[in-house]
Every structure is written in structure tokens, then in C-alpha cells.
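Following: one structure in C-alpha cells, then a few remarks.
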Ligand code: ATP
Ligand code: MG
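In this note's numbering, the protein residues as written are 89 to 695.
The following block contains the structure:
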């Protein structure tokens with residue numbers, strides 16, 4: 089991974105090279121103009137006002153002689169004034185172009201980085217997302233990108249600016265007077281070292297403050313997302329305390345940082361002042377002895393700041409560069425995560441065939457197998473139900489059918505083709521999976537349903553919604569299909585969300601349909617209604633239903649019972665209720681409950 093880093097930064101700069109080149113040229117011009125200004129002052133004072141020697145190159149004096157020479161210039165001092173104003177206007181223009189070009193380059197870079205990250209994240213395997221922290225990924229796509237942008241759009245040119253400033257200042261100062269230059273440089277190494285060491289050291293505090301802010305947002309986000317749980321358990325006070333704690337921590341760390349920065353700028357200001365005083369005193373001393381002219385004094389007193397400022401900045405920028413490097417590393421870490429590999433030889437067979445698990449072993453983490461050498465067949469076009477205790481591996485089975493993970497041992501085949509030879513995007517497009525915890529986007533109900541097929545007609549949407557028994561409540565809502573689902577669907581009930589998720593899956597052209605406990609939040613009657621609509625809708629679709637409800641399970645053509653990652657029983661409802669084991673146990677419990685319920689209701693009706 090290491091060798092890729094410079095390449096990304098280099099590539100980003102290269103993609104915007106014209107903007108960077110323009111910014112660079114403008115930087116050079118602004119620096120040059122800044123240096124010319126004091127020289128113009130010095131020239132006016134020394135040559136025109138005090139009658140000393142000229143500093144200007146011969147060709148300029150020759151040209152001025154053409155205009156009328158010194159006499160003319162002394163009579164028309166406004167020309168020098170105008171030249172100064174003109175130069176500064178020019179400086180403004182160059183400054184503007186520089187600001188604009190580097191801003192464009194910076195924005196382009198952050199756009200590219202964001203898009204790269206986003207599209208890469210879309211292609212990362214599901215297993216990556218299971219492990220990655222959402223908040224962390226968000227931070228990498230936003231604030232880390234912002235840090236890199238800031239570096240490229242401001243600090244890079246600041247470095248150029250500082251280096252140019254220091255070089256020109258030193259060069260010119262040495263050519264004017266070696267002694268004064270040496271005295272003017274006494275504090276410089278100390279100042280630079282102080283700046284550099286300070287910011288290197290303080291960077292830890294920047295990170296601490298960033299982390300404290302991250303923690304604070306995490307608490308806030310968790311509280312807002314889990315607002316119902318907080319209220320239901322009367323945890324508001326605890327939550328307020330928790331927030332106060334992290335908020336206080338953030339304040340403390342940021343305050344400490346501000347203090348440190350204040351100390352830095354004050355100390356470095358004092359050092360700079362001292363240096364400039366020293367230079368001024370030296371200049372006055374030499375000027376009084378007649379060793380230097382007033383013009384040289386003007387030049388030194390203004391150049392010393394041109395030297396001090398960039399040196400103080402440079403220390404800061406260099407350590408900021410460290411921050412950008414960390415950000416770039418974090419971005420690169422995401423970009424370096426391998427995508428789901430391309431499979432040019434993958435096939436796209438019809439998935440209307442038997443699904444076979446052939447001695448499949450699988451675990452999410454090393455050393456812990458979740459599915460333990462399981463084998464079973466789900467016959468083509470049939471409805472198979474899976475029953476199993478929570479954590480027994482039912483969802484894992486269906487995730488494997490969608491190839492969200494690859495099996496460790498054994499093989500899964502659909503219609504005879506091993507699943508890892510089937511194009512994974514094609515496979516997922518043909519396997520409709522209604523998740524255990526449906527997720528709805530903050531969009532309208534209609535958009536949430538149509539997301540599986542964006543060019544769907546009204547009739548198709550209508551039919552899917554009707555089959556998912558969702559039509560009634562949709563029509564009852566304020567704006568019908570156009571009702572906006574709040575963030576994470578908070579305005580819908582669990583059963584309503586499940587039904588929208590089912591309708592969404594039905595929009596796809598499914599060869600295999602899987603319901604992962606997706607009918608758990610609807611009543612038994614609606615459950616039956618949805619199942620019968622499905623039967624009518626897709627006669628030859630292989631259907632897998634995971635459920636804890638015996639009524640639902642009993643309707644299936646075949647039932648698998650899972651316990652601790654293994655298939656412990658399979659058969660039809662009739663077979664299983666008579667063969668003991670988990671199925672008959674649950675059947676007996678649920679039947680007894682139903683009887684009890686009927687009894688109670690009878691009594692209730694009689695009253
Ligand atoms: P439930 O009825 O509660 O939905 P399930 O039968 O669907 O349960 P699975 O979700 O398949 O159970 O999980 C089986 C086991 O795998 C559990 O012990 C769970 O902790 C573990 N597991 C599930 N997902 C992951 C994951 N992404 N990483 C690591 N372990 C996981
Ligand atoms: Mg599950």
C-alpha cells in the first residue's frame with residue numbers, strides 16, 4: 089500500500105495541472121510584486137529625493153531618461169505613486185486568479201476523491217461493510233477529503249509562496265548588505281525550529297480534539313436514532329449526562345488546543361518582534377554611520393517581515409501536511425480495499441433449478457463455523473420453509489444463496505451450476521431477498537417500491553403493492569403513494585415497513601424468492617393473504633420462507649429445521665409433527681396457545 093500514496097496525490101495534481109500551473113505562475117508574480125514595492129520606495133527616497141545612487145537596472149533608467157530623467161521624475165513624483173498603486177492593483181489581480189484557480193483545483197480534487205470513494209464503496213464486498221464502521225467511513229468520505237482539499241487548494245501554494253519569499257528575501261538582502269542580513273537571521277533558525285516542533289507536537293492535540301468531536305456526534309446520533317428507546321426507558325436524564333460528559337470533553341480538548349495555539353502565536357510574535365527590532369536597530373546604527381542609505385533601511389525593515397512571516401507559516405504548513413498525509417492514508421485505505429473481483433468467465437444461467445447445498449461449511453470469522461457441513465436440496469419451483477432457533481444460521485443460509493459471502497468448504501449449486509461460477513450481479517438480480525430488518529429510504533412510498541425497477545409502470549407497482557397486502561394502508565395514508573417515509577421509516581409500523589419491502593422485492597424479475605422472517609410483523613391473516621397472492625403470482629418461482637410461525641411453515645412443500653448450524657430435521661409438515669424434535673415441540677406449543685386463545689375468546693363472547 090505504501091508505494092501507492094504518492095501516486096494518488098501526484099495523480100490528483102496531474103489531473104488539474106493547468107489550474108496548479110496557473111496558480112503557481114500567479115504566486116510567482118505576487119511574490120515578485122511584493123518585493124518590488126519596497127524597492128520602489130527605496131529608489132524614490134535614495135535616488136530621487138536624496139540624490140544617491142540608483143538601484144534600478146540601466147535599461148529602466150535609460151527609458152526614464154528619455155522621459156526627462158531625474159528632474160522630471162522629482163517634479164512628477166505622482167508617477168512613482170501611480171506605479172505603486174498600479175503594482176498593487178496588479179498584485180490584487182494575480183492574487184484573485186491564484187485564489188480562483190487553486191480553489192477550482194481543490195474542489196475538483198475533492199469531487200474526484202469523493203466520487204472515487206463512493207463508487208469504490210459500492211463495489212466493496214458485503215463482508216467489508218459488515219465489519220466497517222459507518223461513522224468512520226462517512227468521516228473518510230467527508231472530513232478526510234476536506235483535509236486533502238485544503239492542503240491542495242491552499243497550503244501547497246503557501247509552501248511555494250514561503251519558499252520563494254525566503255529565497256528572494258535572503259538573496260536580495262545578502263546582495264544589499266551581508267552584515268545586516270546575518271544579524272537579521274539570528275532568530276530565524278530558532279523560529280523555524282520552534283514552529284516546526286510545536287506543530288508536530290500539537291498535532292496530537294488536533295487529533296484528540298477531532299476524536300472528541302467524533303465521539304460527541306456519535307452520542308448525538310445514537311440518541312436521535314434511538315429516541316424511542318430512550319423515551320420508553322425514561323433514559324433522558326442519563327442521556328443528557330452522557331452528552332454533557334462528551335461535550336465537556338470536547339470543550340476541554342479544544343480549549344487546550346486554543347491555549348496552546350495562543351501561546352505559540354504570542355511567543356512567535358514576540359520572537360519576530362524582537363528580530364525585527366534588532367534589524368531596525370542595526371539598520372539605524374549603520375545608517376547613522378552612513379554605511380547604508382535610507383533606502384536600504386526601508387528595504388531591510390520591510391523584507392525582514394517577508395522573511396519572518398513565511399518561516400512561521402512554513403512550520404505550521406509542514407505539520408499540517410502531516411495531517412493531510414494521515415487523511416490521504418485513510419482515504420487510500422478504503423480505496424485499497426479489494427473490490428469484489430471481476431469474473432469475466434461467470435455465466436448467467438436460468439436460476440429456475442434446484443438449489444443444492446452440498447456439504448457446506450461457512451463462518452464469518454476464522455475458527456468459528458456458523459454452518460457446519462450442511463447438505464439439503466430446495467427443489468425447483470417449490471416453497472421451502474426454514475425453522476430454527478435464533479442464531480441457528482438461517483439468515484446466513486440465505487446470504488450465501490445471494491453470494492454475499494463465499495463458502496469455506498463444500499458447494500452451493502443452482503440448477504447444477506456452482507454458485508461461484510454465476511455472475512454475482514446477475515444472481516442477485518434474480519434472487520429476490522426480503523431482509524429480516526427492512527430498510528426504507530427517505531423517499532416516497534412509491535419510490536421505495538420502484539427502486540428495484542426504475543422504469544416500472546403504475547400497473548406493475550400497483551400489482552406488487554396489492555400482492556404484498558400494502559395497498560390498503562398506502563391509500564389510507566395522507567398522500568397515498570407520494571407519502572414521504574421519514575428517516576429510516578419511523579412513520580411506518582413494523583408490519584407496514586415489511587410489506588413495502590416485500591412489494592419492492594416483487595418488482596424484480598425473481599427466479600428465487602426469499603423471505604427472511606419478513607412476515608413476522610404482520611398478523612396471521614395478512615401473512616396468509618400475502619402467501620396466497622404470491623402463489624398465484626409466481627407459480628414456478630422457488631420460494632424460501634424463514635418463519636417461526638407453524639401456520640406459515642405448514643403450508644410449505646418442504647420444511648428444513650436448523651439447529652446450531654445444522655439441518656436436524658426435514659420433511660413435510662405431516663412428517664415432522666409426528667417425528668418428535670424441535671418442529672413438533674414448537675407445533676405443540678403454538679397449538680396449545682391457539683387453543684387457549686380460542687377458549688378465552690369463547691368465554692369472552694359469552695359474557
Ligand atoms: P435469527 O432467527 O435471530 O434471525 P438466524 O438463524 O438468522 O437468527 P444468523 O443471522 O444466520 O442467525 O446468525 C448465525 C450466527 O452467526 C449467530 O451466532 C451470529 O452471531 C453470527 N453472525 C451473523 N452475522 C454475522 C457477521 N456478519 N459476522 C459475524 N458473525 C455473524
Ligand atoms: Mg436471521
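For glycine and all other residues, C-beta sits at the position ideal for the given N, C-alpha and C.
Residue 259 versus residue 266 - alpha carbon distance: 10 Å
Taking its Cβ as the centre, do 16 or more other Cβ atoms sit within 10 Å of residue 545, making it buried, or is it exposed? exposed
Just the Cα atoms here: how many angstroms apart are residue 133 and residue 382? 7 Å
So, at 8 Å on beta carbons, what are the nonlocal neighbours of residue 618 in its own chain, with the 5 sequence-adjacent residues on each side left out? 555, 556, 557, 587, 590, 607, 610
Beta carbon of residue 218: closer than 7 Å to some heavy atom of ligand 1? yes
Close beta carbons around residue 195, own chain, < 8 Å, minus the five adjacent residues each side: 237, 241
Among 639, 151, 268, 192, which has the Cα closest to the Cα of residue 106? 192
Cβ-heavy atom distance between residue 632 and ligand 1 below 7 Å? no
Would you check if the distance between the CB atom of residue 234 and the CB atom of residue 207 is smaller than 8 Å? no
Using a Cβ distance threshold of 8 Å, determine whether the stretch 302-319 contacts the stretch 345-363, with at least three qualifying pairs required. no
Can you give the Cα-Cα distance for residue 418 and residue 95, rounded to whole angstroms? 15 Å
Please confirm whether any heavy atom of ligand 2 lies closer than 7 Å to the CB of residue 210. no
Note down the Cα distance separating residue 90 from residue 403, rounded to an integer number of angstroms. Unreliable positioning characterises residue 90 in this predicted model, as indicated by a pLDDT of 42, which lies under 50. A coordinate reading is not provided.
Strictly under 8 Å for the Cβ-Cβ distance: is residue 129 near chain B by that measure? Of the protein chains in the structure, only one exists, and it is not chain B.
Residue 135 burial status per 10 Å Cβ neighbour count (16 or more: buried): buried
Near ligand 1, which residues have their beta-carbon less than 5 Å from any of its heavy atoms, given in chain order? 218, 452, 458, 478, 479, 480, 481, 482, 483, 484
Whole angstroms are fine: how far does the CA of residue 452 sit from the CA of residue 201? 31 Å
What does the alpha-carbon distance come out to for the pair residue 93 and residue 420? Bear in mind that a pLDDT of 48 at residue 93, under 50, signals an unreliable position, so the number given afterwards is only what the model happens to contain. Each residue's Cα considered, the two are about 7 Å apart.
Can you tell me the Cβ-Cβ gap for residue 468 and residue 496, rounded? I've got them flagged as a contact below 8 Å. Between residue 496 and residue 468 the Cβ distance is about 26 Å, and since that is not below 8 Å, they are no contact.
Output needed for residue 565: all residues of its chain with C-beta closer than 6 Å, excluding positions within five of it in sequence on either side, in chain order. 571
Between residue 511 and residue 431, which are expected to be in contact by the criterion C-beta below 8 Å, what is the C-beta distance as a whole number of angstroms? 7 Å
How many angstroms separate the CA atom of residue 126 from the CA atom of residue 397? 16 Å
Is residue 257 helix, strand or coil when you go by DSSP? helix
By how many angstroms is the C-alpha of residue 300 removed from the C-alpha of residue 334? 7 Å
Residue ranges of each alpha helix (DSSP H) within the stretch 145-230, 4 or longer: 146-155, 157-163, 166-211, 214-219, 222-229
By Cβ distance below 6 Å, which residues in the same chain neighbour residue 168 in space, the five residues on each side in sequence not counted? 132
Specify the secondary structure class of residue 513 as computed by DSSP and reduced to three states. helix
Do the stretch 632-642 and the stretch 462-477 make contact, defined as three or more Cβ pairs closer than 8 Å? yes
Delimiting residues of the beta strand (DSSP E) encompassing residue 119: From DSSP, residue 119 is part of no beta strand (DSSP E) but of the alpha helix (DSSP H) over 105-131.
Measure the C-alpha to C-alpha separation of residue 683 and residue 437 and round it to an integer number of angstroms. 48 Å
Give the secondary structure of residue 473 by DSSP, where H, G and I count as helix, E and B as strand, and everything else as coil. strand
For residue 580 and residue 532, I'd like the C-alpha separation in whole angstroms. 12 Å
Hey, quick one: how far does the alpha helix (DSSP H) through residue 448 stretch, first residue to last? Careful: residue 448 lies outside any alpha helix (DSSP H), inside the beta strand (DSSP E) at 443-450.
Below 8 Å between beta carbons: does that hold for residue 500 and residue 444? yes
Inter-residue Cα distance where the pair is residue 503 and residue 661: 26 Å
My assumption, with CB atoms under 8 Å, is that residue 442 sits in contact with residue 466. Please give the rounded CB distance. 7 Å
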